[in-house]
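If you use the numbering used here, the sequence shown corresponds to residues 98 to 289, in order. For glycine and all other residues, C-beta sits at the position ideal for the given N, C-alpha and C. Every value quoted in this text rests on a predicted model; they were computed, and no experiment measured them.
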Amino acid sequence: MRAVLTALAVVLLAGCGVPVQRQPAPIDPAAVPSRLQGSGSATPGPASATPGKPAIQVVFVRKDQLVTFVRNAPSPAPTDRLQTVISALLAGPSATEQGDGVTSALPPELTLTVAGVQGKRVDLELSGETDGRSATENVLAVGQIVLSVTALPTIDEVSFSRNGQPVEALLADGALTADPLTASDYGVLRAR
């Protein structure tokens, strides 16, 4: 029965003008239409990090949407992973990611420091210049931080302070809040 179905498939394909190959053939990259080459519209899921190493997720921006990438963490310790997330955010996307149109909405002068962790909430101290940015850039920057930090299993909420004083942050809908922020506050900004 299987042989009959295979023979029928070969006859049908031959009749449709589809050539039959016995071996895979390489495709010349120049022959691939540009719309199929790294269009930048696909959302990279959390790709696997180096096998055997702990991984963290970090969020950057592509076409005003938030996209997630994976970085290696130095150790599985929660404090190390939190610091790795912050360092990766401040370092920005890799050269390869930048070549694919990935950017960061974080101002280059921004510094983030862990001011404290209480239960599943982290307070991040902001320093450096952050003025003069558009509302869209500010929302994306806050979303980058919140989605990256809350991707850690030990953190559900993020609050911000400057000089020890609470800072209001923009939600995805443009509203200001001083309440702790969660991933659900910025989920609509994720690339689909």
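Whether residue i touches residue j by CB criterion (7 Å)
i      : j      : result
LEU153 : VAL182 : It should be noted that the sequence gives Ile, not Leu, for residue 153. Contact flag set, yes.
ALA272 : GLN162 : no
SER258 : GLU222 : yes
PRO205 : THR227 : no
PRO151 : PRO175 : no
Spatial neighbours of residue i in its chain, beta-carbon cut-off 6 Å, leaving aside the 5 residues before and after
i      : result
ARG218 : GLU254, PRO277
THR208 : SER224, GLY225
VAL243 : VAL255, LEU278, TYR283
GLY240 : LEU163, TYR283, LEU286
ARG168 : ILE153, VAL155, ALA185
LEU237 : VAL158, ALA202
Nonlocal neighbours in the same chain, by C-beta distance under 7 Å from residue i, ignoring five residues either side
i      : result
THR274 : GLU265, ALA266, LEU268
ASP177 : ALA170, PRO171
THR103 : With a pLDDT of 42 at THR103, under the threshold of 50, the modelled position of that residue is not reliable, and no figure is offered here.
SER230 : Correcting the residue identity first, residue 230 is Arg in this sequence and not Ser. The residues are PRO204.
PRO130 : Here the model assigns PRO130 a pLDDT of 43, short of 50, so the residue's position is not dependable, and the following value carries that caveat. There are no such residues.
PRO190 : PHE157, VAL199, THR200, SER201
DSSP bridge partner residues for residue i (one or two, in chain order)
i      : result
THR210 : GLU222
LEU278 : VAL255
THR77  : Absent from the model: residue 77. The displayed extent of the chain is 98 to 289, so no value can be given.
LEU273 : LEU267
ARG289 : None; ARG289 has no bridge partner.
GLN195 : Paired residue(s): none; GLN195 is not in a bridge.
Whole-number beta carbon distance between residue j and residue i, since they are thought to touch under 8 Å
i      : j      : result
THR247 : ALA280 : 4 Å
VAL320 : SER201 : The displayed coordinates of the chain run from 98 to 289. Any statement about residue 320 would go beyond what the structure contains.
Other residues of its chain near residue i: CB distance less than 8 Å, five sequence neighbours each side excluded
i      : result
ILE252 : LEU179, VAL214, LYS217, ARG218, VAL219, VAL246
GLU194 : PHE157, PHE166
Tell me the start and end of each unbroken alpha helix (DSSP H) in the segment 145–189 that is at least 4 residues and wholly inside, in chain order. 175–188
Fully enclosed by the segment 222–268, which beta strand (DSSP E) runs are 3 residues long or longer? Segments of the beta strand (DSSP E) lying fully in the segment 222–268: 254–259.
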